[in-house]
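J.: In the numbering used here, the protein residues as written are 198 to 518. All C-beta atoms in this analysis are idealised placements derived from N, C-alpha and C, irrespective of residue type, glycine included. Sharing a structure here in structure tokens format.
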Ligand SMILES: NC(=O)c1ccc[n+]([C@@H]2O[C@H](COP(=O)([O-])OP(=O)(O)OC[C@H]3O[C@@H](n4cnc5c(N)ncnc54)[C@H](OP(=O)(O)O)[C@@H]3O)[C@@H](O)[C@H]2O)c1
């Protein structure tokens, strides 16, 4: 199986950060962007797993321009330390918010900061990271949040984002992806407003936002349909067999990465868009329709205010701290 089923436009000169890059969709997103010539910073919580991912990329592409950055998205201290290191480097042209707990705990657990663990990992760590780095991104940079079809399959309890009233593992996952998508669209709205305000302040007509926020979802992408990569993806034979039975409605993670890579690289992509596979669960990238809840500006503003309080800082999309 090829790691690179489709062509990616040349990316030389672009700097990209991918969170949760040592495995799954994040790994293949990183490998494909590096192959297209981008400099890719693979971020993850384990130095050993990141080293294995880089070794796997270098085995195929000895001259790949890649490095690593430890960020545990479930720890605000780890996020802040990682962001500090990013601010010392050249501005990023794209950030892929991919890290996520997919197999969520059956009982409610909390992060070191006292937040529900799935929310902390999939949402709050990324929000805190963006709050630090968005003002320092390159002009025209893209923030690509990894969404999910699960957002269609669950209601959203915006008054219980920490799931203190009732918790179950499915709700924890789906709710985290709805919150992440809602924040991504709220980021887009705020970036547009900041651009309009900045243009009005100098009497200019142009209102192109400085940064673009996009959501891409990978459909249904599973390990057993994914190329074997030593140290990165080595599903047991039984899993390969079981996953082969799902071939009609599932794709490999190397294919699932396509909508994400498209969000980072395609000229047709604009802020505020939602991209996903053509056949919903699999296929080539196409523009998709997000849920009404995730696009709702009042809900977005509420989730944003909640996230600011949870991470303990304001996130002003225009201001440099
Ligand atoms: N696969 C699908 O069909 C599907 C569908 C919709 C959305 N998604 C989304 O796609 C993203 C990736 O999913 P995947 O299927 O590729 O999952 P995966 O193979 O389990 O990979 C998840 C990645 O996130 C990392 N991660 C988990 N917790 C972390 C933390 N606290 N800090 C930093 N990194 C952490 C993992 O690192 P470790 O190795 O250290 O655990 C791993 O690199 C997730 O956001 C998921 O919600 C996936």
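Given that a residue counts as buried once 16 or more other Cβ atoms are within 10 Å of its Cβ, and exposed if not, what is residue 257?
T.: Residue 257 should be labelled exposed.
J.: Helix, strand or coil, according to DSSP, for residue 511 in the structure here?
T.: Coil.
J.: Return yes when at least one heavy atom of ligand 1 lies under 7 Å from the C-beta of residue 417, else no.
T.: The answer is yes for residue 417.
J.: If you run the structure through DSSP and keep just helix, strand and coil, what is residue 409?
T.: Residue 409: strand per DSSP, three-state reduction.
J.: Can you tell me which residues form a DSSP beta bridge with residue 471?
T.: According to DSSP, residue 471 bridges with 412.
J.: Going along the chain, which residues of its own chain have a beta-carbon closer than 7 Å to the beta-carbon of residue 302, five neighbours each way excluded?
T.: Cβ neighbours of residue 302 beyond the five flanking positions: 314 and 366.
J.: In the DSSP assignment, the beta strand (DSSP E) including residue 238 goes from what residue to what residue?
T.: It spans 236–241 - the beta strand (DSSP E) in which residue 238 sits, taken as one unbroken run.
J.: Is there contact between the stretch 405–421 and the stretch 334–343, where contact requires at least three CB pairs shorter than 8 Å?
T.: At 8 Å Cβ cutoff, the stretches touch.
J.: Relative to the C-alpha of residue 237, which candidate in 474, 502, 484 and 216 has its C-alpha closest?
T.: Among 474, 502, 484 and 216, the Cα nearest to that of residue 237 is on 216.
J.: Along the chain, which unbroken stretches of the beta strand (DSSP E) at least 3 residues long are found entirely within the stretch 281–334?
T.: Qualifying beta strand (DSSP E) stretches, in chain order: 291–294.
J.: Under 8 Å: do the stretch 216–230 and the stretch 244–259 share three or more Cβ pairs, one atom per stretch?
T.: Cβ pair count under 8 Å is three or more, so yes.
J.: When the Cα atoms are used, what is the spatial distance from residue 224 to residue 387?
T.: Rounded to the nearest angstrom, the two C-alpha atoms are 30 Å apart.
J.: With which residues is residue 372 paired in a DSSP beta bridge?
T.: Answer is none; residue 372 lacks a bridge partner.
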